[in-house]
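S.K.: Supplied in structure tokens, the structure appears directly below.
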Amino acid sequence: MNDNREHYYHADDLKKFTHIGEFGKELADKYFQYYSAVFAEGALTAREKSLIALAVAHTVQCPYCIDAYTTDAIEKGYSEKQMMEAVHVAAAIRSGSSLVHGVQMMNKTKEISM
Amino acid sequence: MRNKSLSSRHSPLASSGHQLDILEHCADIPSFRSKLEEAGMQSLRPGAIEVFQINIGKMCNQVCGHCHVDAGPDRKEIMTRETMQQCLNVLERLPVRTVDITGGAPEMNPDFRWFVEALTSLGKHVIVRCNLTVIVANKKFNDLPEFYSKHGVEIASSLPFYSAERTDRQRGEGVFQDSIRALQLLNAAGYGKTDTGLVLNLVYNPAGAFLPASQEQLERDFKTELKRHYGIEFNKLMCITNMPVSRYLEYLIASGNYEKYMARLVTAFNPSAARNVMCRNTISVGWDGYLYDCDFNQMLELKVEGYAKHISEFDDASLSSREIRVNQHCYGCTAGAGSSCAGSIA
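Protein chains in written order, with this note's numbering: chain A, 22 to 135; chain B, 11 to 356.
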């Protein structure tokens, strides 16, 4: 084990993702096969899927995914504005999912209040 | 830093030898030649010359961050009329239809118009790589659209994106607005319009350490956005990958992207693009008349193989039997959809 493991995330680890099968090849192979199929051209274009992936990457707050899909989205021709709007969509849904629970808080408050 | 060339800053990267040394010693990057061999190509050999690309000087009114020529206002190397005449002598007897004039800003060469007129009178199809802003940089260039139109010149102009932010980051502050004004002048002269026959192509190259998007997709986006916001029309968009040469190499190293970019190019190596690289049908002439396999080899001072290395000793037999010189920068032309001065190739 080397050196700089004082941080949990290392940018270089992203390229090691393809070696994840080292501790379990069968499931890794199935995963990568599934992953490729998901991102192939389909009813949605690979370009549209890239922007969805960028937004989801922010929702799950995965730094590897954010690096990978920022590059991918730029290489698929998206502008900075488009990418930021996608992130705002993710942020709006994420914050909305907190805020909508306010209804539960209001319901409970009313239930126990005179 | 952005307003001076590597050369005038006395940067070590101004030396082609230093650049080649860096390119040849990038960790974990296989040699381009070995990659070609893996793809079943022992060497790259030329076909018939279809395009004569002539770089008539390094002088330019811009200092773009990605420029592989290291061009700028401080560069004084420009082609003389004598060398131009040597090009004309060769072209007179050569069945090459297309002459692609590049720079720097080729229009800043005082013999530019004379040269274009001489080429068109030989019946050559002339493409000028116009940086757009030169048209509005000085009154003496304002009539360029009319000059181009009169001689049926095809225009190929760089515009890295349809937004000012991304364009100016690469090409300098205010370049986007000046480019828009110039494009509107070209449109007013009939360029890019249906049925005029006056071709205006735009050139996209990434403003950063990434590969170009699909040419078709970007062309659709550029056409929609430029028309919607500025009323601009153009014919085709050509996507070019940035080569790790000169100022773009400087940017890659300074931004910490060099190794990652090279690895990206290698991962994206496309054998079908390798089979169609432009050096197989193009010959590149430097401002001083020396011959190269392409404009990038020219900037790395990798002259053509064979005994005829200068336009004054141009020899078809020597050129057609030569092996094209390759090095690590060639990964730029073979990545993804491939790259050439006419856009994607695979």
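The C-beta atom is built at its ideal place from N, Cα and C for all residues, glycine as well.
#1: What are the start and end residues of each continuous alpha helix (DSSP H) run of 4 or more residues lying completely inside the stretch 213-290 of chain B, in chain order?
#2: Hey, how far is the Cα of tyrosine 85 of chain A from the Cα of alanine 76 of chain A?
#3: Going along chain A, which residues have a C-beta under 8 Å from glutamate 175 of chain B?
#4: Do you know how far the Cα of glycine 98 of chain A is from the Cα of asparagine 215 of chain B?
#5: May I ask you to report which of helix, strand or coil DSSP gives glycine 42 of chain A?
#6: Distance, Cα to Cα, threonine 90 of chain B vs threonine 91 of chain A?
#7: If you run the structure through DSSP and keep just helix, strand and coil, what is threonine 344 of chain B?
#8: Quick one: is serine 119 of chain A buried, meaning 16 or more other Cβ sit within 10 Å of its Cβ, or exposed?
#9: Whose Cβ in chain A lies nearer than 8 Å to the Cβ of phenylalanine 2 of chain B?
#10: Measuring only between beta-carbons, confirm whether threonine 92 of chain A sits less than 9 Å from chain B.
#11: Mark histidine 78 of chain B as exposed unless 16 or more other C-beta atoms lie within 10 angstroms of its C-beta, in which case mark it buried.
#12: Run the CB neighbour count on tryptophan 297 of chain B, radius 10 Å, all protein chains shown included, and call it buried at 16 or more, exposed below.
#13: Pull out every residue of the stretch 248-264 of chain B whose Cβ sits closer than 8 Å to any Cβ of chain A, in chain order.
#14: Evaluate the contact criterion for the stretch 42-50 of chain B versus the stretch 271-289 of chain B: three or more CB pairs, one atom per stretch, below 8 Å.
#15: Could you work out which residue in B/Arg257, B/Leu23, B/Asp325 is closest to asparagine 13 of chain B when comparing CA atoms only?
#16: Does any CB atom of chain A fall closer than 9 Å to the CB of tyrosine 172 of chain B?
#17: Taking 9 Å as the CB-CB limit, is aspartate 178 of chain B close to chain A?
#18: For a test of the three-state rule: what should DSSP assign to serine 18 of chain B, helix, strand or coil?
#19: Distance check for alanine 264 of chain B and methionine 11 of chain B, CA to CA, integer angstroms please.
#20: Roughly how many angstroms lie between the CA atoms of arginine 115 of chain A and alanine 223 of chain B, to the nearest whole one?
#21: Give the straight-line distance between the Cα atoms of glutamine 227 of chain B and methionine 248 of chain B, rounded to the nearest whole angstrom.
#22: What does lysine 37 of chain A reach in chain B if we use C-beta pairs closer than 8 Å?
#23: I need the DSSP call for glutamine 4 of chain B, collapsed to helix, strand or coil.
#24: With 8 Å as the limit, tell me which residues of the stretch 218-229 of chain B have their beta carbon closer than that to any beta carbon of chain A; keep them in chain order.
#25: On the three-state DSSP scale, how would you describe aspartate 110 of chain B?
#26: Mapping DSSP to helix, strand and coil, what is isoleucine 334 of chain B?
#27: Run through the DSSP bridge pairs and tell me what asparagine 65 of chain B is partnered with.
#28: Report the residue ranges of all beta strand (DSSP E) runs contained in full by the stretch 128-170 of chain B; include only those spanning at least 3 residues, in chain order.
#29: Give me the DSSP bridge partner(s) of glutamate 320 of chain B.
#30: Give me whichever residues DSSP pairs with leucine 210 of chain B in a beta bridge.
#31: Using the C-alpha atoms, what's the distance from valine 185 of chain B back to alanine 174 of chain B?
#32: Can you list the alpha helix (DSSP H) stretches of 4 or more residues lying completely in the stretch 46-118 of chain A, in chain order?
#33: Taking the alpha-carbon positions, what's the glutamate 34 of chain B to aspartate 34 of chain A distance?
#34: Which residue's Cα is closest to the Cα of lysine 233 of chain B: B/Asn211, B/Met253, B/Gly218, B/Leu221?
#35: Mind the definition here: the stretch 121-134 of chain A touches the stretch 283-293 of chain B only if three or more C-beta pairs lie below 8 Å; say whether that holds.
#36: Any C-beta of chain A sitting closer than 9 Å to the C-beta of proline 40 of chain B?
M.R.: Put simply:
#1: Under the rule that a run must span 4 or more residues, the alpha helix (DSSP H) segments found entirely inside the stretch 213-290 of chain B read 225-240, 256-264, 268-277, 281-285.
#2: Translated into positions along the first sequence, residue 85 of chain A becomes position 64. Translated into positions along the first sequence, residue 76 of chain A becomes position 55. Taking the straight line joining both Cα atoms gives about 13 Å.
#3: In the second sequence, counting from the first residue as 1, residue 175 of chain B sits at position 165. Against chain A, a Cβ distance below 8 Å from glutamate 175 of chain B picks out Glu101.
#4: For the purposes of this step, residue 215 of chain B is taken as the residue at position 205 of the second sequence. For the purposes of this step, residue 98 of chain A is taken as the residue at position 77 of the first sequence. For asparagine 215 of chain B and glycine 98 of chain A, the gap between their C-alpha atoms comes out near 11 Å.
#5: The residue you call residue 42 of chain A lines up with position 21 of the first sequence. Here glycine 42 of chain A sits in helix by DSSP.
#6: Residue mapping note: residue 90 of chain B aligns to position 80 of the second sequence, counting from 1. Residue mapping note: residue 91 of chain A aligns to position 70 of the first sequence, counting from 1. Answer to the nearest angstrom: the Cα atoms are 47 Å apart.
#7: As a working note, residue 344 of chain B is residue 334 in the second sequence. Of the three classes helix, strand and coil, the one that applies to threonine 344 of chain B here is helix, per DSSP.
#8: The residue labelled residue 119 of chain A in the question sits at position 98 within the first sequence. It is exposed - the Cβ of serine 119 of chain A has fewer than 16 other Cβ atoms within 10 Å.
#9: Look at the range of chain B in this structure, 11 to 356, and you will see that residue 2 of chain B is not part of it.
#10: Translated into the one-based positions of the first sequence, residue 92 of chain A becomes position 71. Taking Cβ atoms only, chain B reaches closer than 9 Å to threonine 92 of chain A, which makes this a yes.
#11: As a working note, residue 78 of chain B is residue 68 in the second sequence. Around the Cβ of histidine 78 of chain B, a 10 Å sphere holds 16 or more other Cβ atoms; the residue is buried.
#12: On the second sequence, position 287 is the one that residue 297 of chain B refers to. Under a 10 Å Cβ-count criterion, tryptophan 297 of chain B is classified as buried, with 16 or more other Cβ atoms of the shown protein chains found around its own Cβ.
#13: Here the close residues number zero.
#14: Result yes; three or more Cβ-Cβ pairs closer than 8 Å.
#15: For the purposes of this step, residue 13 of chain B is taken as residue 3 along the second sequence, with counting starting at 1. It is B/Arg257.
#16: Here residue 172 of chain B refers to the residue found at position 162 when the second sequence is read from its first residue. Yes, tyrosine 172 of chain B counts as interfacial toward chain A.
#17: Taking the second sequence and counting its residues from 1, one reaches residue 178 of chain B at position 168. Chain A, which has no Cβ nearer than 9 Å to the Cβ of aspartate 178 of chain B, makes this no.
#18: As a first step, residue 18 of chain B is located in the second sequence; it is residue number 8 there, counting from the start. In the three-state scheme derived from DSSP, where H, G and I count as helix and E and B as strand, serine 18 of chain B is classed as coil.
#19: Position 1 of the second sequence holds residue 11 of chain B. Position 254 of the second sequence holds residue 264 of chain B. Unreliable placement is indicated for methionine 11 of chain B, whose pLDDT of 44 sits below 50; no coordinate value is reported for it.
#20: Position 94 of the first sequence holds residue 115 of chain A. Position 213 of the second sequence holds residue 223 of chain B. When the Cα atoms are used, arginine 115 of chain A and alanine 223 of chain B turn out to be separated by approximately 30 Å.
#21: In the second sequence, residue 227 of chain B corresponds to position 217, counting from 1. In the second sequence, residue 248 of chain B corresponds to position 238, counting from 1. Answer to the nearest angstrom: the Cα atoms are 11 Å apart.
#22: Within the first sequence, numbered from 1, the residue matching residue 37 of chain A stands at position 16. Neighbours of lysine 37 of chain A on chain B: none; closest Cβ ~14 Å, over 8 Å.
#23: The question about residue 4 of chain B has no answer, for chain B in this structure spans 11 to 356.
#24: Correct list: Gly218, Phe220, Leu221, Pro222, Ala223, Ser224, Gln227, Leu228.
#25: Translated into the one-based positions of the second sequence, residue 110 of chain B becomes position 100. Annotated three-state conformation of aspartate 110 of chain B is strand, per DSSP.
#26: By 1-based counting over the second sequence, the position of residue 334 of chain B is 324. Looking at isoleucine 334 of chain B - three-state DSSP - the assignment turns out to be coil, as it is neither helix nor strand.
#27: On the second sequence, residue 65 of chain B is found 55 positions in, with the first residue counted as 1. Asparagine 65 of chain B pairs with B/Thr112.
#28: Counting whole runs of 3 or more residues, the stretch 128-170 of chain B contains the beta strand (DSSP E) stretches 135-139, 164-168.
#29: As a position in the second sequence, residue 320 of chain B is number 310, starting the count at 1. For the record, residue 320 of chain B in the displayed sequence is histidine; it is not glutamate. In the DSSP assignment, the residues bridged to histidine 320 of chain B are B/Tyr300.
#30: Your numbering for residue 210 of chain B matches position 200 in the second sequence. Residue pairing for leucine 210 of chain B: DSSP places it in a beta bridge opposite B/Ile165.
#31: Locating residue 174 of chain B in the second sequence gives position 164, where the first residue counts as 1. Locating residue 185 of chain B in the second sequence gives position 175, where the first residue counts as 1. The alpha-carbon atoms of alanine 174 of chain B and valine 185 of chain B are separated by roughly 8 Å.
#32: Here the runs fully enclosed are 46-60, 67-80, 84-96.
#33: Along the second sequence, read from residue 1 onward, the residue named residue 34 of chain B stands at position 24. Along the first sequence, read from residue 1 onward, the residue named residue 34 of chain A stands at position 13. Aspartate 34 of chain A has its alpha-carbon roughly 26 Å from the corresponding atom of glutamate 34 of chain B.
#34: Position 223 of the second sequence, counting from 1, holds the residue named residue 233 of chain B. B/Asn211 is the residue among B/Asn211, B/Met253, B/Gly218, B/Leu221 whose C-alpha sits nearest the C-alpha of lysine 233 of chain B.
#35: Touching, no.
#36: In the second sequence, residue 40 of chain B corresponds to position 30, counting from 1. The beta-carbon of proline 40 of chain B is placed no less than 9 Å from the nearest beta-carbon of chain A.
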